[in-house]
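K.L.:
Going by full-length UniProt numbering, the first residue of the sequence shown is number 1, and it counts up by one from there.
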Amino acid sequence: MFAENLKYLREKNNMEQLELAEKLGRKSSSSISEWEKGKYTPKLKTLNEIAKLFKVDIDDLMNIDLSLELRNSSIEALYNQLEKPRQQKVYSYAEHQLDEQNKVVELPNRKAPLLGDVAANPTELTYGDPVYDEEVTSNVPSGADGALTIQGDSMEDLFRNGDICFFHRQPDVENGEIAIVEIDGTGVTCKKVIKENGSIILRSLNDKYKDRKIEKESVRIIGKVLV
């Protein structure tokens, strides 16, 4: 705290480092610079000289954020200069601001049904039956209609094995978006969807997996992944 306080007091008094050094009987500003950077703290004798120079208590200099303390003192001094009716206005305004600051807005908890597992690896397509008695209530994004547990590593680093993936149900996605898709009724996977000449390319984010090109008619988009 000393380093921050020293810099604050020096700048508040429009004093350069060299000027402060000279007032403390030093030939250069290097010590002042090192003190303000927190590299080391001066000896007790010098600390007393600094406290006396800036008219602060040495304990406050070492332990209290003087920028806040002195700002509060300035506010109080201004307040005391006001006439009573104006003081009341200031107090009422400050009270209102405090109420606004402390106001807690209760947001409804979002829930998404956990529907089962979805393979990130297209060679291991699985799809659990909907399990509507299980719900995800933590960190559910706005617009989520459901959640699936990722299996495999082909969508790393976005999703890792065991991660929960949230999606919004919709029959189509934009080119390049990540979606939950069903392939020819055999299973479900999470992939980046690339549309190309009537075909769908399912692309992994993990480079060790190759693209999978499938006829558009064989792919059903279940929903857009929310990321």
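Where is the CB? At the ideal position from N, CA and C, for every residue including glycine.
How many Å lie between Ala51 and Tyr79 at the Cα?
P.N.:
Rounded to the nearest angstrom, the two C-alpha atoms are 27 Å apart.
K.L.:
Helix, strand or coil: which one does DSSP assign to Ser92?
P.N.:
In this structure, Ser92 counts as helix in the three-state DSSP scheme.
K.L.:
What are the uninterrupted segments assigned as alpha helix (DSSP H) that are 4 or more residues long and contained completely in the UniProt domain "HTH cro/C1-type" (6-61), given in chain order?
P.N.:
Segments of the alpha helix (DSSP H) lying fully in the UniProt domain "HTH cro/C1-type" (6-61): 17-23, 30-36 and 44-54.
K.L.:
For the putative contact between Arg220 and Glu182, defined by C-beta atoms under 8 Å, what is the C-beta separation to the nearest angstrom?
P.N.:
With 8 Å as the limit, Arg220 and Glu182 qualify as a contact, their Cβ atoms being about 4 Å apart.
K.L.:
Can you grab the Cα-Cα spacing for the pair Gln17 / Ile64, in whole Å?
P.N.:
Each residue's Cα considered, the two are about 22 Å apart.
K.L.:
Does the Cβ of residue 261 have 16 or more other Cβ atoms within 10 Å, making it buried, or fewer, making it exposed?
P.N.:
Given that the chain is displayed from residue 1 to residue 227, the structure contains no residue 261 and the question cannot be resolved.
K.L.:
Check each candidate in Pro85, Asp211 and Leu20 and name the one with the smallest Cα separation from residue 233.
P.N.:
Because residue 233 is not part of the residues shown, which for the chain are 1 to 227, the question remains open.
K.L.:
Around the Cβ of Gln88, are there at least 16 other Cβ atoms within 10 angstroms (buried) or fewer (exposed)?
P.N.:
Gln88 is exposed by the Cβ-count criterion.
K.L.:
Which residues does DSSP list as the beta-bridge partners of Leu202?
P.N.:
Val193 and Arg212.
K.L.:
Can you list, in chain order, the residues of its chain with a C-beta nearer than 6 Å to that of Met62? Leave out the 5 residues immediately preceding and following it.
P.N.:
Taken in chain order, the residues that qualify are Phe2.
K.L.:
Could you check which residue in Asp57, Gly38 and Glu156 has the C-alpha nearest to that of Glu4?
P.N.:
The candidate whose alpha carbon is nearest that of Glu4 is Gly38.
K.L.:
Report yes if the C-beta distance between Asp211 and Ile201 is below 7 Å; otherwise report no.
P.N.:
Yes; because the gap between Cβ atoms is below 7 Å, this pair is in contact.
K.L.:
Once DSSP output is grouped into helix, strand and coil, what is the label at Arg169?
P.N.:
DSSP places Arg169 in strand when its eight states are reduced to three.
K.L.:
Determine the burial state of His168: buried for a count of at least 16 other Cβ atoms within 10 Å of its Cβ, exposed for fewer.
P.N.:
Answer is buried; the Cβ neighbour count reaches 16.
K.L.:
If you follow the beta strand (DSSP E) that Gly223 is in, where does it begin and where does it stop?
P.N.:
It spans Val219 to Val225 - the beta strand (DSSP E) in which Gly223 sits, taken as one unbroken run.
K.L.:
Looking only at its chain, what residues have a beta carbon closer than 7 Å to the beta carbon of Glu106, apart from the 5 residues adjacent to it on each side?
P.N.:
Caution is warranted here: a pLDDT of 43 is assigned to Glu106, below 50, making its placement in the model unreliable, and the coordinate value is therefore given only provisionally. Contacts found: none.
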